[in-house]
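Student:
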Amino acid sequence: MSHTLLQQDVLIRMQEDLQRALAKPRGQRRWVMVIDLRKCVGCHACTIACVAENKLPPGVVYRPVLEEEFGAYPNVTRKFIPRPCMQCDEPPCTPVCPVNATYKNADGVVVVDYEQCIGCRYCITACPYAARTFDFGGVYLQGAPDGQPFLLGGSKADDFERAANYEYNKAWARKGGEDSPVGNVRKCHFCLHRVAEGMLPSCVTTCVGRATLYGDANDPDSLVAQMIAKPNVMRLKEELGTAPRVYYLL
Amino acid sequence: MVKYASRLNRFFWVLALVAFGVGLYGLYGRIAFGHARANYGSYVPWGLWVAAYLYMVGLSAGAFLFSTLVYVFNIRRVSGEGTVAAPAVGLADGAAFERERLEQVGKLALFTALVTLVGAMICIWLDLGHPERAWKLVLQTSFRSVMGWMIWFYSAYFILLLVELWLAMRADLVARCDKSALARFLTFGRRDVTPTALAADRRLLRVLGSFGVALAIAFHGSVGAIFGVVAARPYWNSALTPIIFLAGALLSGGALLTFVTAIWGPEPGSESHRNLMRFLAQIVLGLLALDMLLEWAEFSIGLWNASPGESASLRLVLFGPYWWGFWIVHVGLGVIVPAILLIFLRHKIWAVATAGALIAVTFLVVRLNVVIPGLAIPELPGLEAAFTGPGLTTHYFPSINEWLVFVWAVGLAALIFLIGRRVLPIIHTER
Chain A
7 MSHTLLQQDV LIRMQEDLQR ALAKPRGQRR WVMVIDLRKC VGCHACTIAC
57 VAENKLPPGV VYRPVLEEEF GAYPNVTRKF IPRPCMQCDE PPCTPVCPVN
107 ATYKNADGVV VVDYEQCIGC RYCITACPYA ARTFDFGGVY LQGAPDGQPF
157 LLGGSKADDF ERAANYEYNK AWARKGGEDS PVGNVRKCHF CLHRVAEGML
207 PSCVTTCVGR ATLYGDANDP DSLVAQMIAK PNVMRLKEEL GTAPRVYYLL
Chain B
16 MVKYASRLNR FFWVLALVAF GVGLYGLYGR IAFGHARANY GSYVPWGLWV
66 AAYLYMVGLS AGAFLFSTLV YVFNIRRVSG EGTVAAPAVG LADGAAFERE
116 RLEQVGKLAL FTALVTLVGA MICIWLDLGH PERAWKLVLQ TSFRSVMGWM
166 IWFYSAYFIL LLVELWLAMR ADLVARCDKS ALARFLTFGR RDVTPTALAA
216 DRRLLRVLGS FGVALAIAFH GSVGAIFGVV AARPYWNSAL TPIIFLAGAL
266 LSGGALLTFV TAIWGPEPGS ESHRNLMRFL AQIVLGLLAL DMLLEWAEFS
316 IGLWNASPGE SASLRLVLFG PYWWGFWIVH VGLGVIVPAI LLIFLRHKIW
366 AVATAGALIA VTFLVVRLNV VIPGLAIPEL PGLEAAFTGP GLTTHYFPSI
416 NEWLVFVWAV GLAALIFLIG RRVLPIIHTE R
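So the sequence lines, in the order shown, correspond to chains A and B. Count along the first sequence starting at 1, add 6, and that's the number in the working numbering. Count along the second sequence starting at 1, add 15, and that's the number in the working numbering.
1. Given a cut-off of 8 Å, decide if A/Ala217 and A/Cys46 are closer than it, judged by their beta-carbon atoms.
2. State the CB to CB distance for the pair A/Ile130 and B/Gly144, rounded to an integer number of angstroms; the pair is presumed to be in contact (CB under 8 Å).
3. Any idea what DSSP makes of A/Trp37, helix, strand or coil?
4. For B/Glu394, which of helix, strand or coil comes out of DSSP?
5. Where does A/Asp95 fall in DSSP's three states?
6. For A/Asn171, which residues does DSSP report across the bridge?
7. Which residues, in order along the segment 121-134 of chain A, keep a beta-carbon less than 8 Å from a beta-carbon of chain B?
8. For B/Asp108, I'd like the list of residues in its chain whose CB is within less than 6 Å of its CB, leaving aside the five on either flank, ordered along the chain.
9. Could you pull out every residue in the same chain whose Cβ sits closer than 6 Å to the Cβ of B/Gly105, ignoring the five residues on either side in sequence?
10. Just checking: is the beta-carbon of A/Cys103 within a distance shorter than 8 Å of some beta-carbon in chain B?
11. CB B/Leu125 to CB B/Phe200, shorter than 8 Å?
12. I believe B/Arg191 touches B/Pro440 by the beta-carbon criterion, under 8 Å. Please report the beta-carbon distance rounded to the nearest angstrom.
13. By how many angstroms is the C-alpha of A/Arg36 removed from the C-alpha of A/Gly114?
14. Determine whether the beta carbon atoms of B/Ala67 and B/Cys138 lie at a separation below 8 Å.
15. Run through the segment 50-86 of chain A for me and flag every whole alpha helix (DSSP H) of 4 or more residues, listed as ranges in chain order.
16. Check whether the segment 373-386 of chain B and the segment 50-68 of chain B touch, using three or more Cβ-Cβ pairs below 8 Å as the test.
17. Are the beta-carbon atoms of B/Asp274 and B/Leu230 separated by less than 8 Å?
18. Taking Cβ positions only, does A/Gly65 come closer than 8 Å to chain B?
19. Does chain B have any CB closer than 8 Å to the CB of A/Pro226?
20. Run through chain B and tell me which residues come within less than 8 Å of A/Glu262, C-beta to C-beta.
21. When the Cα of A/Ala150 is compared with those of A/Arg44, A/Ala177 and A/Ala163, which residue comes out closest?
22. When the Cα atoms are used, what is the spatial distance from A/Ala249 to A/Met39?
23. For the candidate residues B/Gly41, B/Leu303, B/Leu302 and B/Phe234, whose alpha-carbon lies nearest to that of B/Val72?
24. Which residue marks the beginning of the beta strand (DSSP E) containing A/Phe140, and which one marks its end?
25. Just to confirm, does A/Asn175 get its C-beta within under 7 Å of one of the non-hydrogen atoms of the ligand SAM?
26. In this structure, does DSSP put A/Leu43 in helix, strand or coil?
27. Using a Cβ cut-off of 8 Å (strictly closer), state whether A/Pro90 contacts chain B.
28. Report the option in A/Thr108, A/Val117 and A/Met233 whose CA atom is closest to the CA atom of A/Val16.
29. Check whether the Cβ atoms of B/Lys122 and B/Ala212 lie closer than 8 Å to each other.
30. What do you reckon, are the CB atoms on B/Ser170 and B/Thr131 nearer than 8 Å?
31. Would you mind reading off the limits of the alpha helix (DSSP H) that contains B/Leu63?
32. Taking the alpha helix (DSSP H) that B/Tyr169 belongs to, which residues open and close that run?
33. Select from the segment 240-274 of chain B all residues with a C-beta closer than 9 Å to any C-beta belonging to chain A, and list them in chain order.
34. To be precise: take each residue of the segment 43-76 of chain B, compare its Cβ to all Cβ atoms of chain A, and keep it if any distance is under 9 Å. Which residues remain?
35. Quick one, are the C-beta atoms of B/Glu399 and B/Thr408 less than 8 Å apart?
36. Do you know whose CA, among B/Gly435, B/Leu433, B/Arg437 and B/Val420, lies nearest B/Gly36's CA?
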C-alpha cells in the first residue's frame, strides 16, 4: 500500500525527461507518444485540452478519441483509442504536398507551414489516419446574440476563440478574415510550442488516468523509452510502412 | 438538323447567359464566405469542385487529342484520294472529306479544349483554401508531388493550346484583317500568307501537335496519378486509375466534340458534315466500348477481391445513397441510351449529337464517383462519432453554393466558346 503511494507521478518524471531532452541538439531527440489503452477511460479530456490549447475552431480536431463497442448487452465492453497525429517516420502526407508546405521538421515532427499551405487538401486524402483537418474559418460562437450596451454579448463572447494561439511559436490571431490558419490544413504537432518552453503537450498534462506519455525515445532513461520496449506495444496500420511515432500499450 | 442549328445556337446562348448569371451568386458566396458554404469537410476533403475540375480537364484533354487527328495523324489526307485511306480506319462507307472541312474541326477541337480547360482551372482555383497563393504551385513546386508535375504539365498544355490555336487560325485572321481590328491585333504583325509561310505554320503545328499528344497524355495521366498514388485510399490506389482517366477523357472529350460539331461544325446539312458526324460517331462508340471494358476491370477486380478496403467504396458507388448516379445517370443515360443511338441511329445527325451530349454531360457523375466514394469510407472505425463538427462526416452531397459555382464556371466556358466562335475564325474561313 505505502509502496504505491510513494511512487513518483509520471508527470514529474516526464518533465524531468523533457529537461534532459531539451538540453540535447534537436536532431538527437526522438519525440514519441505512448498511449496506454488500459488506462484510458474515454473521458475525452485530451481532445478538449487540445482544442483549448490550440484554440481550434469548429470542425478542426487534432486528437479525437475513437470509441469501439464490443459484444451485446449485457456483455458489452468498450475500447477507447485517442488518435493524435502519428508523426510517421515515413509520412504519406508530406510528399504529396505540391508546394513543400508540410514536412518533418528537425525534431522529427510533421509540421504545416501555414503561410506556405495553399489549402488544396491533398495531404488530407493521403493520411491513412485521418489526422488532418481543414480550417473552414468557423467560430463556435458565430451568430451568438449580442447583449445590451454595457453587457457582454456575442461580440465579446468569442474573444477567447479569436485570441491568438501559439502554434509553431507564432501568434495566430483569428480576426475573422481569410488569414492563415483559416483556409489551411491543420494537424497535431505534439505541442512543440509548449515543449520548447519545457512543458508537456496539453493532452499529456490533462490526462486524468496518466494514459498518455510523451518524451524522447532516444534517451534510454526516459519513461517512453522504457514503455515502447515492452512486448504489448502496437502501432496503428503498421502494415502500411508509415512507421508511426505514436505507440499504444495494450 | 440544319434548320435547327441556328435555333439551337440561340438556345445555348440563353442557357450560357443564364448559367453565368445565376452562377454569379455562387461566386459571391465563395468570395464573401470562403469555404463556409461548401459541404465538403475534413473527412471528405474534396467535393464537386474537384470532380468538376477532373471532368472539365478530361473534356479538354479528350477534345485536344481529337484535334491531333487532323494536325498530327493527318487524317485530312484521305481527301486527296477520294476514298478512305489507311489512317482513317473509322471511316466506313467510303466517306470522304475535303481537307478544309476536317481542318475546321481541328480548330473547333482546339478551341473546345481551351474553353473547357479555362472552366476547369476556375473550379480548382476556387477550391483552394488560399487561391491567392496559387502562384506558389508554379514557382515553388515540389516535384516529389504528382500534383506539382500536373501543374507544370497543364501550364505547358495551356500555352501549347494557345499557340496551336493561333497557328491554326493565323491565315484566316490575316484574311479578316481588313474587316476586323481584333483579327488585325491577333495576327501580332505576322501577316505573311505565302504558301511557304503557311507550309511552315503547318509543319510547326504538326511538331507542336505531336508534342501535344505526349503532353496531353502526361497531363491527364498525372491527374489520374494524383489519385492512383494515394495508398491510404484503396479505391484509388491502382495503376489502372490513370489509364481509366485517359480513356474517360478521350470518351467524354470526343463525345463533347461530336455534339459541338453537330451544331457548330462546318456547313451543317452538307454531305461532308454528315460524313464527319458518322466518322465521329464511330470513334465515340469505340471509345465507349473501351471505357466500359476498363470500368468492368476496375469494378470486377475490386468487388471480387477478398479485402474490404476497395470493395467498400465500390459498394458505395453501386448501392450507396447515390446509387442512382451510377445506375440511372451513368449506366442508363451515359452508356445504354448513347450506345443504342450510336449503333441503330448512327445515320441521323440528331441521334449522334444527342448521344454525344448525353455522354459528355453525364460524365460528371463518373468523376464524382471517383472522388467521393474513395473518401467517404472512414479511415479508422469510430472516426465520425469521435468528435463532431462541421465537415467531420463522411456523408457528402454538394451544397447549392457548390453547384452554383460549378454552373458559373460552365456558363463562363460556354460564353467564351460562343463569343469566340463569333469573333474568331474557328469555323467560318475567309479562304
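Yeah, the Cβ is synthetic: ideal placement off N, Cα and C, and Gly gets one too.
Tutor: For this structure:
1. yes
2. Not confirmed; about 11 Å, so no contact.
3. strand
4. coil
5. coil
6. A/Trp178
7. Gln122, Cys123, Ile124, Gly125, Cys126, Arg127, Tyr128, Ile130, Thr131, Ala132, Cys133 and Pro134
8. With a pLDDT of only 40 at B/Asp108, under the threshold of 50, the placement of this residue in the model should not be trusted; the figure read from the coordinates follows. Same-chain partners within the cutoff: there are none.
9. Note that B/Gly105 has pLDDT 43, beneath the 50 cutoff, so the model's placement of it is unreliable and the number below is only indicative. Excluding residues within five positions, the ones whose Cβ falls inside 6 Å are Phe294, Gln297 and Ile298.
10. yes
11. no
12. 6 Å
13. 7 Å
14. yes
15. 51-60
16. yes
17. Residue identity differs from the one stated: residue 274 of chain B is Phe in this sequence, not Asp. It is not a contact, given that the beta carbons lie outside the stated cut-off.
18. yes
19. no
20. The structure shown does not extend to residue 262 of chain A, since chain A is modelled only from 7 to 256, so the question has no answer here.
21. A/Ala163
22. 13 Å
23. B/Phe234
24. Arg138 to Phe140
25. Only the bare structure without any ligand can be found here, which leaves the ligand SAM out of the picture.
26. coil
27. no
28. A/Met233
29. no
30. no
31. Leu63 to Tyr86
32. Val161 to Arg191
33. Ile241, Phe242, Val244, Val245, Ala246, Ala247, Arg248 and Trp251
34. Phe48, Gly49, His50, Ala51, Ala53, Tyr55, Gly56, Ser57, Tyr58, Pro60, Trp61 and Val65
35. yes
36. B/Val420
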